[in-house]
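Participant: Okay, here's the structure, questions in a sec.
Written out as structure tokens, the structure is:
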């Protein structure tokens with residue numbers, strides 16, 4: 192089964208180029224944006240499409256007067272899903288770098304233009320990096336799931352020490368960030384009462400962290 196990648200651009204030519212370049216390796220969800228597009232609509236579409244990774248053009252306003260650029264999509268998705276695999280392709284890497292927090296996700300669109308064997312090698316390496324990002328993301332979910340299950344089982348049978356309770360707290364928060372919609376909950380947490388307690392715990396913890404951030408900013 193192929194992983195599913197969303198590609199976002201305002202240019203139909205680049206959308207077709209990306210599709211034909213990657214269609215043998217991934218299922219491609221083609222998303223064309225225009226002047227009527229919004230960040231909220233795009234992020235909802237991405238989440239509802241259940242994609243495994245996102246690749247977006249940077250300068251979306253170049254040809255279609257889109258009211259935002261790709262960095263805004265990245266920011267919103269990183270807010271909703273901090274660890275989700277996202278890549279930005281652009282013909283304007285210098286401009287993208289100055290408007291993007293994580294410069295490591297930025298790649299030149301030249302990678303889609305193959306003229307010799309070296310270009311072919313670079314493209315294959317790029318495909319492997321995308322695949323690795325996706326598999327690492329799902330491995331992180333599985334590892335976090337397993338750690339929570341093991342600690343919850345130990346807490347129920349033997350009890351946890353202070354460091355283990357702290358680790359479990361951090362794992363709950365990480366799990367919520369990895370699974371914002373509550374998918375793939377550990378078996379120990381599938382009871383309605385457990386899920387409710389976990390959601391309350393995560394929300395309260397996040398509120399405390401936000402208040403601490405505000406205090407630090409004032410100082």
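Residue numbers (the working numbering): 192 to 410. Here a beta-carbon is modelled for each residue, glycine too, at the ideal position from N, C-alpha and C.
Quick one: what's got a C-beta closer than 7 Å to residue 369's C-beta in the same chain, skipping five residues either side?
Facilitator: Taken in chain order, the residues that qualify are 274, 331, 332 and 335.
Participant: Leaving out five residues before and five after residue 437 in sequence, what residues of the same chain have Cβ atoms less than 8 Å from its Cβ?
Facilitator: For the chain, the structure presents residues 192 to 410; residue 437 sits outside this window and is missing.
Participant: If residue 287 sits next to residue 262, beta carbons under 8 Å apart, how far is it from one beta carbon to the other, in whole angstroms?
Facilitator: That pair is a contact at about 7 Å.
Participant: Grab the span of the alpha helix (DSSP H) containing residue 364 for me, first residue to last.
Facilitator: Taken as a continuous stretch (DSSP letters only), the alpha helix (DSSP H) holding residue 364 covers 353 to 369.
Participant: With 16 as the cutoff for other CB atoms within 10 Å, does residue 383 come out buried or exposed?
Facilitator: Note on residue 383: pLDDT 41, under 50, position unreliable in the model; no value is reported.
Participant: Give me, in chain order, the residues of the same chain whose beta-carbon lies closer than 6 Å to that of residue 200; leave out the 5 immediate sequence neighbours on both sides.
Facilitator: Around residue 200: 206 and 248.
Participant: Give the secondary structure of residue 411 by DSSP, where H, G and I count as helix, E and B as strand, and everything else as coil.
Facilitator: The chain is shown from 192 up to 410; residue 411 falls before or after that span and cannot be answered.
Participant: Under 8 Å between the Cβ atoms of residue 299 and residue 276?
Facilitator: Going by C-beta atoms, residue 299 is not nearer than 8 Å to residue 276.
Participant: First and last residue of the beta strand (DSSP E) that includes residue 195?
Facilitator: Element bounds for residue 195: 195 to 200.
Participant: With a CB to CB cut of under 8 Å and the five nearest residues on each side skipped, what residues in its chain are close to residue 224?
Facilitator: So the list reads 199, 200, 201, 233, 251, 255 and 257, once near-sequence residues are dropped.
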